[in-house]
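Written out below as structure tokens is the structure these notes cover.
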Amino acid sequence: MEIRELLLPEFDAEMKKTRTMLERVPEGKQDYKPHEKSMPLGKLAAHVAQLPEFATRILELPNLDFSKSDMKPLVMESRQQLLDAFDSLVEKARKAIAKTTDEDWEKKWKLSFQGHTITDDPRHLTYRAMFLNHLVHHRAQLGVYLRLNDIPLPGTYGPSADDTMGF
20 MEIRELLLPE
30 FDAEMKKTRT
40 MLERVPEGKQ
50 DYKPHEKSMP
60 LGKLAAHVAQ
70 LPEFATRILE
80 LPNLDFSKSD
90 MKPLVMESRQ
100 QLLDAFDSLV
110 EKARKAIAKT
120 TDEDWEKKWK
130 LSFQGHTITD
140 DPRHLTYRAM
150 FLNHLVHHRA
160 QLGVYLRLND
170 IPLPGTYGPS
180 ADDTMGF
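Each step along the sequence shown adds one to the number in the numbering used here, with nothing skipped, and position 50 is 69.
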């Protein structure tokens, strides 16, 4: 079995969970922060929605220096705009995963900023750590923001306290 065949079901499941969380992002609370050091809700939600673009970059580029990248941060204008951007970026990332060969998954992939190396690992490790784990981390943060705003949370790896499934 090829690596992409193993990763695509996981990708699909995580993107479905992420979209469900993004569907709950409230409008009009983009500036909400649970702590002075926290990212504002709108910026966090936009970052979560945009992360699939990073997966595509990891899979399609030989390396990336953030200081020379043309990636521009997504800005939350509305929940629907975030969902539309997310859906489009997920589609592109899924296509990139589907065409990545086992040989390409094993190639080293370097991420840097102004010449300083952030990571220089095989592509499959960079995809996992810098995209997928990163996405799950920020999705969980988004869940905290929603909870603090009394917005019912979807279950992710089982039911949430808001699920009425009788557990």
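Every residue gets a Cβ at the ideal spot worked out from N, C-alpha and C, and that includes glycine. Just so you know, these numbers come straight off a predicted model, no measurement behind them.
Put simply, of A180, L83, P45 and E46 the residue whose alpha carbon is nearest the alpha carbon of W128 is L83. In the structure shown, D182 adopts coil according to DSSP, grouped into three states. Boundaries of the alpha helix (DSSP H) harbouring H156: H153 to L167, taken from the DSSP string.
Straight-line spacing of the CA atoms in T39 and V155 works out to 13 Å. When the beta-carbon positions are compared, K126 and R142 come within less than 7 Å of each other. Each residue's CA atom was taken as its position, placing D123 and T145 some 12 Å apart.
Under the three-state reduction of DSSP, D121 is assigned to helix. In this structure, the CA atom of G134 is about 16 Å from the CA atom of D140.
Rounded to the nearest whole angstrom, the C-alpha separation of D181 and D50 is 25 Å. Within the same chain, Cβ atoms closer than 6 Å to the Cβ of T175 are found at K36, the five residues on either side in sequence being excluded.
About 6 Å separates the Cβ atoms of I116 and L27, confirming a contact at the 8 Å cut-off. In this structure, L41 sits near F105, with a CB-CB distance shorter than 7 Å.
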